[in-house]
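All remarks here apply to the structure that follows.
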Amino acid sequence: MSLEALPETSREIRLASYPEDEVTLDHFTFAETAVPEPGDGEVLVRNDWMTLGSVARDQMSPQTTLPIPVFQPGVAMWGRTVGTVVRSNSPLLEVGDLVEHFLGWRDYAVGNAHGFFKRDRAQLPGPEYFLSQGPTAWHGMVETAHVAEGDVVFVSGATNGVGALAGQVAKLLGAKLVIGSTGSKEKIDYLVEELGFDAAFDYHDGSPADRLGELAPDGLDVVFDNVGGEQFEAAVQVAARGARFALCGALAGQHGGPGGSPRLPLMTAISKDLTFRGFATMHTPEQFEGWNAKFGEWLGEDRIVFPHTVVEGGVPALPDTFIALQQRKYSGTVLVRLS
Ligand SMILES: NC(=O)c1ccc[n+]([C@@H]2O[C@H](COP(=O)([O-])OP(=O)(O)OC[C@H]3O[C@@H](n4cnc5c(N)ncnc54)[C@H](OP(=O)(O)O)[C@@H]3O)[C@@H](O)[C@H]2O)c1
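Each residue of the sequence shown is one higher than the last, beginning at 162 in this note's numbering.
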């Protein structure tokens with residue numbers, strides 16, 4: 162295979178400083194560096210797609226309790242990315258291989274081949290599909306909440322990358338009723354008409370407990386919570402006896418809002434026999450492979466869709482896209498095309 166010509170420089174986005182509150186363009190800097198030469202055992206990868214999520218906001222806070230590294234000022238940021246090997250000094254990977262890795266926010270990534278995970282291009286419709294949040298959705302809905310046939314399920318933050326897949330997984334595994342919450346009429350229509358949720362409501366529209374009570378008069382069996390705050394409290398109130406809560410995210414507090422620490426009435430939790438299980442997945446290779454195989458099969462049978470938004474513009478578009486994500490402008494997994 163002939164080697165593709167490389168540009169002289171690779172563009173990257175660095176963290177300028179830690180935001181105290183709202184993230185602005187001033188918190189990022191744009192830089193260009195020489196395209197690196199891979200050393201022994203290393204590969205050079207042209208980044209093709211990267212995904213952005215609220216988790217990057219947590220990585221901009223040195224106080225975060227999440228078990229992932231915090232960004233460092235003056236250094237290129239990182240995040241989940243897929244790309245193509247363009248130079249290889251390792252027997253593990255060949256030029257042309259598709260790899261998933263964490264050195265996003267830049268055009269070219271270099272590093273030990275062990276840090277780049279080979280993906281089978283034929284398994285999914287496009288390389289960007291490997292960036293779905295399916296491993297998290299599956300882990301929360303199936304391995305944490307143990308969704309089962311006939312369950313009534315509530316997914317808060319249902320239009321984001323994790324929630325939109327979690328709800329579909331619940332339906333595919335036989336849930337009787339899947340309800341989602343989201344932030345606009347347009348996103349409600351998206352959940353019901355395109356993703357097959359049975360019902361959805363806007364969490365700005367009155368009390369979430371009232372809305373859940375109307376939509377699930379017999380109570381909720383499974384709650385997949387991406388939000389926390391008032392929506393978590395509402396779900397506890399409307400939970401059926403024995404309900405299982407998978408605690409995935411705390412969006413109501415993650416963007417600096419006040420809703421990160423909801424109240425839990427203990428006597429309600431005790432008398433209803435509720436289970437709460439948080440999870441912070443450091444996904445294993447088996448979890449990725451298991452999800453990708455299932456996802457490919459379901460996509461091939463037209464039983465699932467990949468909810469995502471594509472943003473063009475490459476590396477320079479990343480800071481604006483991250484700010485727009487925080488302003489709730491997108492649905493599904495947010496994908497930036499890097500090449
Ligand atoms: N536990 C784990 O292992 C794990 C792994 C990955 C991700 N996560 C978490 O899962 C959640 C979803 O992640 P993601 O990357 O799929 O989503 P994301 O892209 O970060 O979600 C953005 C969307 O969330 C909604 N949102 C934002 N602020 C909100 C608020 N204050 N209240 C309610 N909804 C709000 C908005 O949609 P609306 O217009 O509907 O408000 C927005 O478009 C995040 O909390 C993330 O940290 C957890």
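Ideal Cβ placement from N, Cα and C applies to all residues, glycine included.
Take residue i and list the residues in its own chain whose beta-carbon comes closer than 6 Å to its own, dropping the five residues that flank it on each side.
i, result
"P296", "H444, Q448, F449, W452"
"G403", "D434"
"L186", "P480"
"G311", "K337"
Which class does residue i belong to by DSSP, given the choice of helix, strand or coil?
i, result
"L403", "Looking at the sequence shown, residue 403 is not Leu but Gly. Strand at G403."
"D187", "helix"
"S222", "coil"
"D481", "helix"
"F263", "coil"
"H275", "helix"
"S511", "No answer is possible for residue 511: the residues shown for the chain start at 162 and end at 500."
"V383", "strand"
"S171", "strand"
"T445", "coil"
"A298", "helix"
"A454", "helix"
"A237", "strand"
"Y269", "strand"
"A195", "strand"
"G420", "coil"
"V495", "strand"
Would you mind reading off the limits of the alpha helix (DSSP H) that contains residue i?
i, result
"V216", "216 to 219"
"L373", "369 to 376"
"G328", "322 to 333"
"I349", "346 to 350"
"G414", "412 to 415"
"L427", "427 to 432"
Less than 7 Å between C-beta atoms, sequence neighbours within five positions excluded: which residues of the same chain meet that for residue i?
i, result
"G276", "H262"
"D281", "none"
"T225", "D219, V231"
"Y351", "T320, S492"
"K332", "V339, G357"
May I ask which residues mark the beginning and end of the beta strand (DSSP E) holding residue i?
i, result
"D209", "203 to 213"
"K279", "278 to 280"
"F315", "313 to 316"
"M305", "The sequence shown places Thr at residue 305, rather than the Met named in the question. No beta strand (DSSP E) contains T305, which DSSP labels as neither H nor E."
"F467", "First-last for F467: undefined, no H or E at that position."
"L253", "Looking at the DSSP string, L253 is not in any beta strand (DSSP E), and its letter there is neither H nor E."
"A361", "360 to 363"
"L338", "338 to 343"
"G439", "436 to 439"
Any heavy atom of ligand 1 closer than 7 Å to the beta-carbon of residue i?
i, result
"F440", "yes"
"S215", "yes"
"L259", "no"
"K348", "yes"
"A536", "As displayed, the chain neither begins before 162 nor continues past 500, which places residue 536 out of reach and without an answer."
"L486", "yes"
"Y364", "yes"
"T226", "no"
"T297", "yes"
"R241", "no"
"A251", "Here the sequence assigns Ser to residue 251, which means Ala is not the residue at that position. S251: no, Cβ never under 7 Å from ligand 1."
"Y491", "yes"
"T320", "yes"
"N387", "yes"
"V316", "no"
In its own chain, which residues sit with a C-beta less than 8 Å from the C-beta of residue i, not counting the 5 before and 5 after it?
i, result
"E193", "T170, S171, R172, E173"
**Asked** Is the segment 444 to 461 touching the segment 262 to 274 in the sense that three or more CB pairs, one from each, lie closer than 8 Å?
**Response** Using a Cβ-Cβ distance cut-off of 8 Å, the segment 262 to 274 and the segment 444 to 461 are not in contact, since fewer than three pairs of beta carbons, one from each stretch, lie closer than that value.
**Item:** Touching by the beta-carbon criterion (3+ pairs, under 8 Å), the segment 235 to 253 and the segment 197 to 206
**Value:** Yes, the segment 235 to 253 touches the segment 197 to 206.
**the segment 221 to 237 touching the segment 305 to 320, judged by at least three CB pairs closer than 8 Å** = With the cut-off at 8 Å, the segment 221 to 237 and the segment 305 to 320 do not touch.
**Item:** Stretch-stretch touch, CB-based, cutoff 8 Å, three pairs: the segment 346 to 358 with the segment 377 to 393
**Value:** Because the criterion of three Cβ pairs below 8 Å is not met, the segment 346 to 358 and the segment 377 to 393 do not touch.
**Message:** Quick test of the definition: if touching needs 3 or more C-beta pairs under 8 Å, does the segment 338 to 350 touch the segment 308 to 324?
**Reply:** Yes, they touch.
**Message:** Check whether the segment 465 to 478 and the segment 166 to 181 touch, using three or more Cβ-Cβ pairs below 8 Å as the test.
**Reply:** Touching, per the Cβ criterion.
**Prompt:** Can we say the segment 404 to 411 touches the segment 423 to 437, given the rule of at least three CB pairs closer than 8 Å?
**Reply:** These segments touch.
**Prompt:** Contact between the segment 321 to 336 and the segment 485 to 500: three or more CB pairs below 8 Å?
**Reply:** Short answer: they touch.
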